[in-house]
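Engineer: Those protein sequences? They're chains A and B, same order as listed.
Just so you know, we're using the working numbering here: the first sequence kicks off at 1 and counts up by one.
Just so you know, we're using the working numbering here: the second sequence kicks off at 1001 and counts up by one.
Glycine included, C-beta positions come from ideal geometry on N, C-alpha and C.
First the structure, then my questions, so here it is.
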Amino acid sequence: MTVTLEHYLVVSALLFSLGLLGVIARRNLLIIYMSLELMLNAANLALVAFSRFNNNLNGQVMVFFIITVAAAEVAVGLALIVALYRRRQTAHVEDLTTMKL
Amino acid sequence: MTQEMLFYIFAFLTLACGLLVVANPFSRNPVTSAMFLVLTIVGLAGLFVLLHAYFLAAVQILVYAGAVMVLFLFVIMLLNVKEEERRKIKRFGLVAGVICVGALAFMFGKAITDSGLSANLPAPTLEGVTAPLGKALFQDFLLPFEVLSVLLLVAMVGVILLSKKELK
């Protein structure tokens, strides 16, 4: 059977759910952050699939912007994680329970 | 190899590596998860090529696998995070989380397959090559493009400020 839009969207939905599972179930900050990136990539796949099957280029332009914003966000987020690790010496979510530094 | 077979191969690769990022039964090292995330991104680039989005596939490999994941690995090595230590797992919380995510995934899947999206679509003819994408980016989307450059500048300044040892 030919590969239709729904196939790509199901792959995107499953990838998003895997990322969500990672954010919920893992307790290491870096792995939670990587699962977040997985969710962003799933959204990218959905956008490109829609762009192709609706013959509209705007989806691909939006993915271009999302990739750039994700790169900037990863830089800032990792700088925050490094600063937090320097202060608390831990990258485990269960140790970071207070907002006080 | 037909296109359908390639789609199934790349989709399986992407989902399997995505699962191994999140739940690896063999090693709890963050470096292993980062490596599998790189493989997931490569699988996604393959899916982009199958969707005729050639420029985006190249950008995905260059930026995501080549810059973002390298940054992740730098930070993992810098923090020297070794194995995630085995703490007491709250089993009820874990099971409840897995059930909730499974239910959400099932809802997504049902909504997608029952929606009849592909019923009245015309034949796909869009080719995501560089020239039309560049035209769209620099003509219709010029303002977001310029704002994005300011965003990157702000991110850079923020990172430099956040990584100072003492804030005076």
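1. Quick one: give me the first and last residue of the alpha helix (DSSP H) that Ser35 of chain A is part of.
2. Would Val1081 of chain B and Ala91 of chain A qualify as a contact pair, given that the criterion is a beta-carbon distance under 8 Å?
3. Which residues in chain A have a C-beta closer than 8 Å to the C-beta of Glu1013 of chain B? List them in chain order.
4. Mark Leu21 of chain A as exposed unless 16 or more other C-beta atoms lie within 10 angstroms of its C-beta, in which case mark it buried.
5. Using a Cβ-Cβ cut-off of less than 8 Å, give me the residues of the region 1056-1073 of chain B that come near chain A, in sequence order.
6. Measure from the C-beta of Ala1136 of chain B to each C-beta in chain A and report whether the shortest distance is under 8 Å.
7. Kindly list the residues whose CB is nearer than 7 Å to the CB of Leu18 of chain A, restricted to its own chain and excluding five residues on each side of it in sequence; keep chain order.
8. If you reduce the DSSP assignment to three classes, tell me which class Asn92 of chain A lands in.
9. State the start and end residues of the unbroken alpha helix (DSSP H) segment that holds Phe1010 of chain B.
10. I need the straight-line Cα distance from Ala1023 of chain B to Ile1099 of chain B, nearest angstrom please.
11. For a contact defined as C-beta to C-beta under 9 Å, what are the partners of Leu1162 of chain B on chain A?
12. Just reading off the alpha helix (DSSP H) that Pro1030 of chain B is part of, what are its end residues?
13. Mind listing the chain A neighbours of Glu1004 of chain B? Cutoff is C-beta to C-beta under 8 Å, in chain order.
14. Roughly how many whole angstroms lie between the Cα atoms of Ala1119 of chain B and Gly1158 of chain B?
15. Counting contacts by CB-CB distance shorter than 8 Å, is Leu18 of chain A in contact with chain B?
16. Taking Cβ-Cβ distances below 7 Å as the criterion, which residues of the region 1039-1051 of chain B are in contact with chain A?
17. Between Phe1145 of chain B and Leu1152 of chain B, which are expected to be in contact by the criterion C-beta below 8 Å, what is the C-beta distance as a whole number of angstroms?
18. Output yes if chain A places a C-beta closer than 8 Å to the C-beta of Pro1025 of chain B; else output no.
19. For the candidate residues A:Leu45, A:Val10, A:Ile24 and A:Val61, whose alpha-carbon lies nearest to that of Phe1092 of chain B?
20. Am I right that Leu1013 of chain B and Arg52 of chain A are in contact with their C-beta atoms under 8 Å? What's the rounded C-beta distance?
21. Helix, strand or coil for Asn56 of chain A? Go by DSSP, reduced to three states.
22. Kindly confirm or deny that the region 25-44 of chain A and the region 1029-1043 of chain B touch, where touching means at least three C-beta pairs closer than 8 Å.
23. Classify Ile1076 of chain B as buried or exposed, calling it buried when 16 or more other Cβ atoms lie within 10 Å of its own Cβ.
24. From A:Ala13, A:Met1 and A:Leu9, pick the residue whose C-alpha is nearest to that of Leu1104 of chain B; which is it?
25. Please classify Val1150 of chain B as buried or exposed, where buried requires at least 16 other C-beta atoms within 10 Å of its C-beta.
26. What number of angstroms, rounded off, separates the C-alpha of Lys1090 of chain B from the C-alpha of Val93 of chain A?
27. Report yes or no: do three or more beta-carbon pairs, one from the region 1109-1124 of chain B and one from the region 2-9 of chain A, lie closer than 8 Å?
Structural biologist: Quick answer:
1. Locating residue 35 of chain A in the first sequence gives position 35, counting from the first residue. Run containing Ser35 of chain A: Leu29 to Phe53, per the alpha helix (DSSP H) assignment.
2. What you label residue 1081 of chain B is simply residue 81 of the second sequence in a count that begins at 1. What you label residue 91 of chain A is simply residue 91 of the first sequence in a count that begins at 1. Between Val1081 of chain B and Ala91 of chain A, the gap from beta carbon to beta carbon is short of 8 Å.
3. On the second sequence, position 13 is the one that residue 1013 of chain B refers to. Here residue 1013 of chain B turns out to be Leu, not Glu, going by the sequence shown. Against chain A, a Cβ distance below 8 Å from Leu1013 of chain B picks out nothing, because the smallest value is about 11 Å.
4. Translated into the one-based positions of the first sequence, residue 21 of chain A becomes position 21. Buried is the call here.
5. Of all residues in the region 1056-1073 of chain B, only Leu1056, Val1059, Gln1060, Val1063, Tyr1064, Ala1067, Val1068, Leu1071 and Phe1072 place a beta-carbon less than 8 Å from a beta-carbon of chain A.
6. For the purposes of this step, residue 1136 of chain B is taken as residue 136 along the second sequence, with counting starting at 1. Yes, contact with chain A.
7. Here residue 18 of chain A refers to the residue found at position 18 of the first sequence. For Leu18 of chain A, where only same-chain residues beyond five positions count, the Cβ hits under 7 Å are Leu38.
8. Against the first sequence, residue 92 of chain A aligns to sequence position 92. For clarity, residue 92 of chain A is His in the given sequence; the question names Asn instead. DSSP, read as helix, strand or coil, puts His92 of chain A in strand.
9. Working through the second sequence from its first residue, we reach residue 1010 of chain B at position 10. According to the DSSP assignment, Phe1010 of chain B belongs to the alpha helix (DSSP H) that extends over Gln1003 to Val1022.
10. Working through the second sequence from its first residue, we reach residue 1023 of chain B at position 23. Working through the second sequence from its first residue, we reach residue 1099 of chain B at position 99. Each residue's alpha carbon lies about 15 Å from the other.
11. To locate residue 1162 of chain B, count along the second sequence from 1; it is residue 162. Val76, Ala79, Leu80, Val82 and Ala83, listed in chain order.
12. Reading the second sequence from its first residue, position 30 is the one you call residue 1030 of chain B. Pro1030 to Leu1050 is the span of the alpha helix (DSSP H), which, as asked, contains Pro1030 of chain B.
13. Residue 1004 of chain B sits at position 4 when you count from the first residue of the second sequence. Here the neighbours are Met1, Thr2 and Val3.
14. Counting from 1 along the second sequence, the entry for residue 1119 of chain B is found at position 119. Counting from 1 along the second sequence, the entry for residue 1158 of chain B is found at position 158. Ala1119 of chain B and Gly1158 of chain B have their C-alpha atoms roughly 48 Å apart.
15. On the first sequence, position 18 is the one that residue 18 of chain A refers to. Leu18 of chain A counts as touching chain B.
16. Answer in chain order: Thr1040, Ile1041, Leu1044, Leu1047, Phe1048 and Leu1051.
17. Indexing the second sequence from 1 puts residue 1145 of chain B at position 145. Indexing the second sequence from 1 puts residue 1152 of chain B at position 152. Between the beta-carbon of Phe1145 of chain B and that of Leu1152 of chain B there is about 11 Å, and that puts the pair past the 8 Å contact cut.
18. Counting from one through the second sequence, the residue named residue 1025 of chain B turns up at place 25. It does not: the Cβ of Pro1025 of chain B has no partner Cβ on chain A nearer than 8 Å.
19. The residue labelled residue 1092 of chain B in the question sits at position 92 within the second sequence. For the set A:Leu45, A:Val10, A:Ile24 and A:Val61, the Cα lying nearest the Cα of Phe1092 of chain B is the one of A:Ile24.
20. Taking the first residue of the second sequence as 1, we reach residue 1013 of chain B at position 13. Taking the first residue of the first sequence as 1, we reach residue 52 of chain A at position 52. Actually they do not touch by this definition, with Cβ atoms about 20 Å apart.
21. Residue numbering aside, residue 56 of chain A sits at position 56 when the first sequence is read from its first letter. Here Asn56 of chain A sits in coil by DSSP.
22. With the cut-off at 8 Å, the region 25-44 of chain A and the region 1029-1043 of chain B touch.
23. Along the second sequence, read from residue 1 onward, the residue named residue 1076 of chain B stands at position 76. It counts as buried.
24. Locating residue 1104 of chain B in the second sequence gives position 104, counting from the first residue. Leu1104 of chain B has its Cα closest to that of A:Ala13, out of A:Ala13, A:Met1 and A:Leu9.
25. As a first step, residue 1150 of chain B is located in the second sequence; it is residue number 150 there, counting from the start. Exposed is the call here.
26. Locating residue 1090 of chain B in the second sequence gives position 90, counting from the first residue. Locating residue 93 of chain A in the first sequence gives position 93, counting from the first residue. Distance between the alpha carbons of Lys1090 of chain B and Val93 of chain A is about 14 Å.
27. Contact between the region 1109-1124 of chain B and the region 2-9 of chain A is present: 3 or more CB-CB pairs across the two stretches fall below 8 Å.
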